[in-house]
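In what follows, a single structure is set out as structure tokens and then discussed.
Protein chains: 2
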Amino acid sequence: MSDPSNAIKISKVSESKISTVDFDDLEFGKIFTDHMFVCDYIDGVWQTPEIMPYQPLTIAPSARVFHYGQAVFEGMKAFKDDQDQIWMFRPEDNHERINISSHRMAIPEFPKEFFFEGLTQLLHLEKDWIKKGKGNSLYIRPFVIATEEAISASPANSYKFMIICSPVQSYYAGEVKVLFAEKFSRAADGGVGYAKAAGNYGAQFYPTSLAHKQGYQQIIWTDASTHEYLEEAGTMNIFFRVGDTLLTAPKSDRILDGITRKSVIQLAEDNNIKVEIRRVTVSEIKEAAKSGELKEIFGAGTAAVINPISGFEHAGDKFDLPKLDDSYATFFKDKLTDIQYNLSEDPHGWRYKV
Amino acid sequence: MSDPSNAIKISKVSESKISTVDFDDLEFGKIFTDHMFVCDYIDGVWQTPEIMPYQPLTIAPSARVFHYGQAVFEGMKAFKDDQDQIWMFRPEDNHERINISSHRMAIPEFPKEFFFEGLTQLLHLEKDWIKKGKGNSLYIRPFVIATEEAISASPANSYKFMIICSPVQSYYAGEVKVLFAEKFSRAADGGVGYAKAAGNYGAQFYPTSLAHKQGYQQIIWTDASTHEYLEEAGTMNIFFRVGDTLLTAPKSDRILDGITRKSVIQLAEDNNIKVEIRRVTVSEIKEAAKSGELKEIFGAGTAAVINPISGFEHAGDKFDLPKLDDSYATFFKDKLTDIQYNLSEDPHGWRYKV
């Protein structure tokens, strides 16, 4: 595998569908670009990758992914700067994490060379789909599914690694209010909560739909045993600003090791903002809200970037958070997006030129 | 929907592949019959079901099932008696349970009429695939997958309900030894453990593969919080015979409400065998094994029927279980299969003639 670029077989679309897309009115994750990256794992080996027109898969109804949820994914973004250069943000971390997720789900790891060469070639092909201007980006979805035709409950011997891309703007439109979980939970100790395993997400849909009916967009999950500790929001890690200190839960086997999360922690340290990475209790946050010490809550994730939370409810107690002039959420969002869009220095080498 | 039989569109294969199958050498869940049942959910309505040749699906790579594991399934079996009559076992319970699973996974419930008419017509079509003789059966796999093309983490608006069938013999060949879980776990309180959600199964593959390396076929999962309580085996509920009393964990939001499990409990009551449905601790089972009071452990599930367990390990302590002449496992397996194959009375009306 000395030159993986030679190893990728590319079939282009005869005509792009880009002219049919309204880039000013994008619903998140509904429109896909012209091409996709596909690599099959057969007989213990990842085969020659292909980039081909985005198209339906032909897959047996007995493929294990349908029955046993043996599937993992990643979320990444590509950004375009004013010089038409394309950038990604810490993509090595996504590669590492998809392999961590795969390991936990008994899926073979995907080679780094294929991952990066696939991304690079795919993004060059789709460069017109990446629009300039903060807020515009190309959402990139690498994922792996178990394709073997067999309905016994054991790991598959064949898999498909794919990358599909979707032009996006913001993930959450409007105000986001959250419910702190009291009964439902997202992950068990010793389970797969730290992995981007497909089933972790579907399992949240029903409790989240109940939250929607109460007027909340998201749930902040608490630990399954006691519901006393605030963990993550399922699509975002969560930060609490109490006074001028940021609090966030430590990563664990229940909590995703978010790339935006760790970037916020680094940026806080760079800017002399105190961060406490420790278990955060529901009761301390409610007390801080009552006393006025709780200034902000925000989510951090690739899709949402930084998402301010305007209020929360727990056990019938409702709290609204004030709009601040010196919001940390705005500060970190600006810092992060400046780096992502090549508008500022990048002291930690997070930007990756495609 | 007054006569659902009129509502199913049937396309038969031109030639059956049954002559290519060696029914004396079946690997579980690898061979599929000639036809499958398919029903699509579109615009809020389950559409006209179809029975068609078993064939690959054409499905978008952005279908939510691949990304968010929004998928549930059931396991059922059909049996043939000496008069060539086809029977199922408590299928109403499978229909109820797939809808309970669907509800938890934010999937629309599937109508009972379609479920039973689909099963009936499909099994009549596949009747030659159901072989006589105890141990032979047709494994039936209803499942639902989210098909909408959208990679935002929320419930799909389109689904596919399917039934595929696979001729089977026994699920576990040979001796089954188990490991009691000490670190990994299967389900969280407030999670989806009681549902046959696809992701519950894939999440067990890695810990189970570690158990395999230690010489154990399965894990008996313990509660995620303390690992002190024995719960289920992932593909089977678990019974412990201490003295002449059967112990099994109560159903909960972490434990599947197994149909074989509740049939065993009923048969025990019918036959004056004492059953205690209560939390069973690791320490009491280890103590009982040391004192000789622990006579048997067995699993109960549709695929495995009743599966005796010949030994277990916990925290480095290994225990072998004796072979008994008056085994409860054998007793219940005989009772159950006699009912399933129409060889005995059926006082509880569990048999369902197809």
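Line by line, the protein sequences give chains P and H.
Under the working numbering, the residue at position 299 of the first sequence is numbered 299, and the numbers go up by one with no gaps.
Under the working numbering, the residue at position 273 of the second sequence is numbered 1273, and the numbers go up by one with no gaps.
For every residue, glycine included, the Cβ atom is placed at its ideal position computed from N, Cα and C.
If you're wondering where the values come from, they're calculated on a predicted model, not measured in any experiment.
Collapsed DSSP secondary structure at residue i in the structure displayed
{"i": "I98/P", "result": "helix"}
{"i": "A63/P", "result": "strand"}
{"i": "Q266/P", "result": "helix"}
{"i": "S1107/H", "result": "Checking the sequence, you will find Ile at residue 1107/H rather than Ser. I1107/H falls in the coil class under three-state DSSP."}
{"i": "A78/P", "result": "strand"}
{"i": "T1020/H", "result": "helix"}
{"i": "S1002/H", "result": "Because S1002/H carries a pLDDT of 45, less than 50, the predicted location of this residue cannot be relied on, and no value is offered for it."}
{"i": "W129/P", "result": "helix"}
{"i": "E92/P", "result": "helix"}
{"i": "A153/P", "result": "coil"}
{"i": "Y68/P", "result": "helix"}
{"i": "A181/P", "result": "coil"}
For residue i, the first and last residue of its enclosing alpha helix (DSSP H)
{"i": "F1161/H", "result": "Premise fails: F1161/H lies in the beta strand (DSSP E), Y1159 to V1168, not in any alpha helix (DSSP H)."}
{"i": "N1200/H", "result": "A1198 to K1213"}
{"i": "K1112/H", "result": "K1112 to L1125"}
Counted within 10 angstroms of its Cβ, other Cβ atoms place residue i as buried (16 or more) or exposed
{"i": "E1232/H", "result": "buried"}
{"i": "H1124/H", "result": "exposed"}
{"i": "F1121/H", "result": "Per the sequence presented here, residue 1121/H reads as Gln, with Phe not at that position. Result: buried."}
{"i": "Q85/P", "result": "exposed"}
{"i": "Q1324/H", "result": "Correcting the residue type first, residue 1324/H is Leu in the shown sequence and not Gln. By the neighbour-count rule (16 or more Cβ atoms within 10 Å), L1324/H is not buried but exposed."}
{"i": "T48/P", "result": "exposed"}
{"i": "T226/P", "result": "exposed"}
{"i": "K9/P", "result": "exposed"}
{"i": "E1276/H", "result": "exposed"}
{"i": "N272/P", "result": "exposed"}
{"i": "S137/P", "result": "buried"}
{"i": "E345/P", "result": "exposed"}
{"i": "S283/P", "result": "exposed"}
{"i": "E148/P", "result": "buried"}
{"i": "V45/P", "result": "exposed"}
{"i": "S1002/H", "result": "With a pLDDT of only 45 at S1002/H, under the threshold of 50, the placement of this residue in the model should not be trusted; the figure read from the coordinates follows. Exposed, since its Cβ has fewer than 16 Cβ neighbours within 10 Å."}
{"i": "W1350/H", "result": "buried"}
{"i": "R1278/H", "result": "exposed"}
{"i": "T1058/H", "result": "exposed"}
Best match in the options for proximity to residue i [C-alpha to C-alpha]
{"i": "G299/P", "options": "K353/P, Y352/P and I259/P", "result": "I259/P"}
{"i": "S11/P", "options": "Q217/P, A187/P, R104/P and V38/P", "result": "V38/P"}
{"i": "Y1201/H", "options": "T1337/H, G1044/H and F1073/H", "result": "F1073/H"}
{"i": "F116/P", "options": "F180/P, F23/P and M76/P", "result": "M76/P"}
{"i": "P61/P", "options": "E1015/H, P1142/H, R1064/H and L1123/H", "result": "P1142/H"}
{"i": "N99/P", "options": "F161/P, R351/P and S185/P", "result": "F161/P"}
{"i": "P1111/H", "options": "G1301/H, D1040/H, L1267/H and F1028/H", "result": "D1040/H"}
{"i": "W1129/H", "options": "A1153/H, H1035/H, A1063/H and V1282/H", "result": "H1035/H"}
{"i": "K262/P", "options": "Y54/P, I297/P and G301/P", "result": "G301/P"}
{"i": "H1314/H", "options": "P1155/H, F1079/H, K1177/H and Q1169/H", "result": "K1177/H"}
{"i": "A153/P", "options": "E126/P, Y68/P, Y216/P and S16/P", "result": "Y68/P"}
{"i": "K1127/H", "options": "D1270/H, F1079/H and G1135/H", "result": "F1079/H"}
{"i": "P1167/H", "options": "D1317/H, V1021/H, V1013/H and R1351/H", "result": "V1021/H"}
{"i": "K1132/H", "options": "D1081/H, V1305/H, I1107/H and S1102/H", "result": "D1081/H"}
{"i": "R254/P", "options": "Y194/P, L267/P and K290/P", "result": "Y194/P"}
{"i": "D1338/H", "options": "A1211/H, F1239/H and L1267/H", "result": "L1267/H"}
{"i": "G1316/H", "options": "G1215/H, D1223/H and R1351/H", "result": "G1215/H"}
{"i": "K1196/H", "options": "N342/P, P53/P, S16/P and F66/P", "result": "F66/P"}
{"i": "I1265/H", "options": "Y1328/H, D1320/H and G1243/H", "result": "Y1328/H"}
{"i": "Y159/P", "options": "I107/P, E182/P, A187/P and G174/P", "result": "I107/P"}
{"i": "F28/P", "options": "G311/P, A303/P and P347/P", "result": "A303/P"}
{"i": "D1257/H", "options": "K1274/H, D1270/H, V1305/H and M1236/H", "result": "M1236/H"}
{"i": "Q70/P", "options": "I1238/H, T1248/H, G1199/H and F1332/H", "result": "G1199/H"}
Continuous beta strand (DSSP E) stretch holding residue i: start and end
{"i": "K30/P", "result": "From DSSP, K30/P is part of no beta strand (DSSP E); its letter is neither H nor E."}
{"i": "Y1352/H", "result": "R1351 to K1353"}
{"i": "F1219/H", "result": "For the sequence presented, residue 1219/H should be read as Ile rather than Phe. Where I1219/H is concerned, the enclosing beta strand (DSSP E) stretches over Q1218 to I1220."}
{"i": "E1050/H", "result": "E1050 to P1053"}
{"i": "S137/P", "result": "S137 to A146"}
Amino acids of chain C, ordered along the chain, whose beta-carbon sits closer than 7 Å to that of residue i
{"i": "R1104/H", "result": "No chain C appears in this structure, whose protein chains are P and H."}
- Run through the stretch 271–343 of chain P for me and flag every whole beta strand (DSSP E) of 3 or more residues, listed as ranges in chain order. Correct list: 275–277, 294–301, 305–309, 311–314 and 317–320.
- Query: Of all the alpha helix (DSSP H) runs that stay within the bounds of the stretch 230–268 of chain P, which reach a length of 4 or more residues?
  - Reply: Complete alpha helix (DSSP H) runs here, min 4: none at all.
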